[in-house]
Structures are given as C-alpha cells and as structure tokens.
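Colleague:
Residue numbers (the working numbering): 337 to 507.
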C-alpha cells in the first residue's frame, strides 16, 4: 500500500511561492543593508578626512593668537628704536624699552611661559646648561654662580635651559 498524502518534505506550489517570496524579501533586505553599510563606511571615511584636515589646520594656525600678541610688542620695539634714533636723553629711551620689556614678559606669562631661576640655586641638568665652571670661595661646588642666558619653561616643560656658570667650590 502506498500513501499518497503529501509529507512534510513534499512542497506544494503555494509553499514554493511563499518560500520564494521570503528568499526574495531576504535578498532585498540584505542588499539594503549592504548599501547602508557602504554609505556608513563612506561617511566615516569622509569624517576621518575632514577631522584630519581640521586638525592640520588647527595646528598650522595654533600660534596665531600668540603671534598677534607678539606683534603688539614688536610695534613697541619699533617705536622705541625710532625714539632712540632721535632722542637726546637716554633715560626716556631706557624707560620706553623697559615698558616694552614688561609688556613682552606679560605676554609670555599669559601663555604660561616662565623664566627659570638659576643664580644661587643648585645646578640641575634638567633646567640648566653648564657652559663653564669656576672656583668660588662663597658658593659650594655645584651651585650656579652666574646666569649667562635665561632659560624658559612652559607648563613645567623646559623650552630652553638656562646657560650658566657653575661653582667648582674653593680651590
């Protein structure tokens, strides 16, 4: 005896159409997800390029505000130079240069650029550059006797070490 009833394995035309529709729908969804993924990847790449360009632009012009402040100091120096060329009195020129110097030091301080204190301090190779040693009966060995060029630091990082003469102690 044979059984002519359809089994679960047999496919009817309606179930084939339903399965075909489902496969078609899944393929369509898959294609939509692929396109969306491509658009998102392209958008991320565009953002990376834009951020990189903005970063480079920011770095290129990061010192612009600082430079503008220095130009004001330069204007003061030019006026002092012009006044010195025609001045009959040295004191007025010295006063003008002192004002420009104070203005310059204020600009540096506003940007957290500070001088390194050296004279009378123990020699520190992290902030001092010894250019020579001299005997001294007043100062023990390893003490900074004289500062030849001022050093500067910014936010605690040395921009330029102070050039100094260091004591050898008494000979």
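Even glycine gets a Cβ: it sits at the ideal position worked out from N, Cα and C. Keep in mind it's a predicted model, so treat the numbers as computed, not measured.
1. Got a sec, what are the start and stop residues for the beta strand (DSSP E) residue 314 sits in?
2. From residue 352 to residue 372, what does the alpha carbon distance come to, in whole angstroms?
3. State whether the segment 465-476 contacts the segment 486-504, with contact taken as three or more CB pairs (one from each stretch) at a distance under 8 Å.
4. For the candidate residues 492, 489 and 456, whose alpha-carbon lies nearest to that of residue 482?
5. For the beta strand (DSSP E) containing residue 504, name the first residue and the last one.
6. Do you know offhand how far residue 407's Cα is from residue 400's?
7. Under 8 Å by Cβ, that's how I've got residue 485 and residue 466 pegged, so tell me the actual separation to the nearest angstrom.
8. Is residue 487 helix, strand or coil by DSSP?
9. Rounded to a whole number of angstroms, what is the C-alpha to C-alpha distance between residue 413 and residue 421?
Modeller: Taking the structure as given:
1. Nothing can be reported for residue 314, as the shown portion of the chain is limited to 337 through 507.
2. Going by the C-alpha atoms only, they are around 30 Å apart.
3. Yes: at least three Cβ pairs fall under 8 Å.
4. Of 492, 489 and 456, the residue nearest in Cα terms is 456.
5. In the DSSP assignment, residue 504 falls within the unbroken beta strand (DSSP E) covering 498-505.
6. Roughly 10 Å separates the two Cα atoms.
7. Between residue 466 and residue 485 the Cβ distance is about 12 Å, and since that is not below 8 Å, they are no contact.
8. Residue 487: strand per DSSP, three-state reduction.
9. Cα to Cα, residue 413 sits roughly 12 Å from residue 421.
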